[in-house]
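Using UniProt numbering, the first residue of the sequence shown is number 1, and each one after it goes up by one.
For every residue, glycine included, the Cβ atom is placed at its ideal position computed from N, Cα and C.
Bear in mind that the values here come from a model prediction, so they are computed numbers and not experimental data.
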Amino acid sequence: MSVKIGVIADDFTGATDIAGFMSEQGWRVALLPGLPDADRPWTDDADAVVISLKSRSLPAQQATEQALACYRWLKRQTDARQIYVKYCSTFDSTPRGNIGPVCDALMTVSGAPFIAHCPALPQNGRTVVHGHLFVNGVLLNQSGMENHPLNPMQDARITALLAPQTARRIGGIDLATVQRGEEAVAQALRARGDAQHIIMDTLTPADLLIIAAALRDAPLLAGGSGLGGALAALTPSSCTARHAFAFPAQKRAVVLSGSCSSMTNRQVNAYKVHAPWQALTIARCVNDDEDYADTLAEWVMAQDAAGLAPLVYATLPPQELARIQQQYGEQAASEAVERMFARLAARLLARGVNTFIVAGGETSGTVVEALRVKRLIVGKPIVPGVPWVRETERDLALALKSGNFGDEDFFFRAQEYPL
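If you want it as structure tokens, here you go:
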């Protein structure tokens, strides 16, 4: 049977985010880390297939090539009726970013006359009003995202963020139109003129349902996870069976945090008061000290498995992050930290760790790649947008958290589930 929606996500936390919202609505969702082999057949029963790339910060051409490969595989192997470009609810894209080029390429290959953008996720405080993106009522560029180490957001106007990335015209549908209902939105789409990127104002979950109803037959969509969940809410699952989600029988957990978002800083600080922790020594990471990963792994394994999971982190406040980037170089420091997390994750897996709680999109992608995960099934959410996922071939559980998701107690809450 054909899949209802094929999702191309630009990072791993974004993939689990939208998969979780769809799964909550009763859909059976398959989550595939990494680019599928072109000839890999699809024989499973699923309402949605979510492909998690690690393309958010890639050059536009490389990201576009990966997205097109995913599109071709989804159409050829799963016959997906809709294709959904999943990016972050805080947009996370500089003027040289790849959201515009990816969407343009997919419009060309699919023949879609337009692509609607709905980054809003009201359940997590991400809203769009008058085309401006807000985080918990604060303009995006004043929310802490202006300090993002890879994609600093210096403007809250989605049109201003997208315009440098595309030559196509950008339009929008305002909140008053959305709140008049499905037909008003459909009429506005018909009257869009030559605009091909359409920004949707969204304030509440009810607005998401209206937008989803108006776009249920659109071949190409883009945005955050909120619209994905709303689309799933409109149509019951057509699958005959659901995967049973189970945690590892004998839990051995670790918390790995690479995000430097303001919320992750608060989460790390709250957790350190009660749990064992180690901060990465950036110099040893930059110097490519391979023995360091073994030292960290031995420390993790020496902690009490019955207590709170040990934390290893590279999370830093903005001033300290700026100092590190100035000392070692932004890219060199980031790559060195991710390389160390990859080595550490692989060593911990070999030593019997089977439960990984990871903060940060880049770090989550690094860990999933290091663990060589091939396919994941989706469990219940810890908080909106962060479900537990499980590797289907091994006894592995993962919680992959986008930097700003969750409250200060997130790392504690993740371990309150029956691991």
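Proximity to residue i [Cα-Cα], best of the options
i      : options                        : result
Ser23  : Pro205, Ser89, Ala232          : Ala232
Pro101 : Gln196, Asn124, Ala188         : Gln196
Asn297 : Pro310, Glu146, Val286, Ala306 : As written in the sequence, residue 297 is Ala, which differs from the Asn given in the question. Measuring from the Cα of Ala297, the nearest candidate turns out to be Pro310.
Asp17  : Leu398, Tyr313, Gly172         : Leu398
Ala218 : Val386, Ala112, Gln187         : Ala112
Val368 : Val3, Leu31, Gly26, Gly385     : Leu31
Ile210 : Tyr271, Leu234, Gly224, Gly307 : Leu234
Asp37  : Ala206, Arg190, Ala69          : Ala69
Ser407 : Gly223, Ser225, Asn124, Gly226 : Looking at the sequence itself, residue 407 is Asp, so the reference to Ser does not match. Of Gly223, Ser225, Asn124, Gly226, the residue nearest in Cα terms is Asn124.
Phe247 : Asp39, Ile377, Ile51           : Ile377
Asp79  : Ser52, Lys54, Asp45, Arg96     : Asp45
Asp104 : Met301, Thr64, Asp92           : Thr64
Met340 : Gly360, Met301, Gly352, Arg284 : Arg284
Gly193 : Ile282, Arg169, Asp207         : Arg169
Trp27  : Ser237, Glu290, Arg96          : Ser237
Leu74  : Val109, Gly97, Arg96           : Val109
Glu290 : Gln165, Ala336, Leu308, Arg96  : Ala336
Arg180 : His274, Ala206, Gln165, Val389 : Ala206
His274 : Gly307, Ile282, Leu106         : Gly307
Pairwise C-alpha distance: residue j and residue i
i           : j      : result
residue 467 : Ala253 : As shown, the chain starts at 1 and ends at 419. That puts residue 467 outside it, with no answer to give.
Gln250      : Thr363 : 25 Å
Thr240      : Arg266 : 43 Å
Thr94       : Asn151 : 6 Å
Val3        : Gly171 : 30 Å
Gly228      : Val7   : 9 Å
Ile99       : Leu35  : 18 Å
Glu416      : Gln61  : 43 Å
Leu280      : Ser52  : 27 Å
Asp304      : Lys272 : 15 Å
Arg40       : Gln77  : 8 Å
Arg81       : Val255 : 38 Å
Gln278      : Ser262 : 19 Å
residue 445 : Pro59  : Outside the modelled stretch of the chain, which goes from 1 to 419, sits residue 445, for which no answer is possible.
Ala293      : Trp299 : 10 Å
Trp42       : Arg72  : 13 Å
Phe410      : Ser402 : 11 Å
Ala270      : Arg216 : 42 Å
Asp92       : Gly360 : 13 Å
Val129      : Ala191 : 20 Å
Leu175      : Leu220 : 21 Å
Gly385      : Gly137 : 19 Å
Pro164      : Thr204 : 29 Å
Gly379      : Asp47  : 15 Å
Ile282      : Gly97  : 27 Å
Thr264      : Leu106 : 34 Å
Thr159      : Asp288 : 41 Å
For residue j and residue i, believed in contact at Cβ under 8 Å, the rounded distance
i           : j      : result
Gly131      : Ile199 : 5 Å
Ile5        : Tyr84  : 5 Å
Pro387      : Gly20  : 3 Å
residue 475 : Ala186 : The structure shown has nothing for residue 475, since the chain only spans 1 to 419.
Thr366      : Glu338 : 5 Å
Ala212      : Ala230 : 4 Å
Gly223      : Pro122 : The pair is not a contact, with the Cβ atoms about 12 Å apart (cut-off 8 Å).
Val49       : Ala9   : Actually they do not touch by this definition, with Cβ atoms about 11 Å apart.
Leu162      : Asp155 : Contact doesn't hold; Cβ gap of about 10 Å is too wide.
Val383      : Arg351 : So it is not a contact: roughly 29 Å between Cβ atoms.
Cβ-based neighbour list, residue i, same chain, cut-off 8 Å, excluding 5 preceding and 5 following
i           : result
Thr90       : Pro119, Arg126, Leu133, Val135, Leu140, Ser143, Met145, Met153, Asn404
Arg375      : Ala30, Leu31, Leu32, Pro33, Glu391, Thr392, Glu393
residue 420 : Residue 420 falls outside the range modelled here, since the chain spans only 1 to 419, and no answer is possible.
Ala342      : Thr366, Val367, Glu369, Ala370
Ala332      : Val286
Leu208      : Cys118, Ala120, Pro122, Thr202, Gly226, Leu227, Gly229, Ala230
The ligand FAD heavy atom lying under 7 Å from the CB of residue i
i      : result
Ala218 : What this structure holds is no ligand at all, so the ligand FAD is not there to describe.
Residues near residue i by beta carbon distance below 6 Å, same chain, minus five either side
i      : result
Val268 : Ser257, Tyr313, Thr315
Leu400 : Phe12, Thr13, Thr16, Val358, Ser364
Glu182 : Ile210, Ala213, Ala214
Asn147 : Pro318
Tyr328 : Val286
Ser57  : Leu150
Asp395 : Pro248, Asn354
Phe114 : Gln196, Ile198
Pro276 : Gln303, Pro310
Met301 : Arg351
Beta-carbon contacts of residue i that lie in its chain and below 7 Å, excluding the five residues immediately before and after
i      : result
Arg157 : Gly131, His132
Pro381 : Gly20, Glu24, Pro387
Ala184 : Thr177
Gln66  : Leu35, Leu53, Ser55
At a cut of 8 Å, does the segment 342 to 359 reach the segment 369 to 384 through at least three beta carbon pairs?
At 8 Å Cβ cutoff, the stretches touch.
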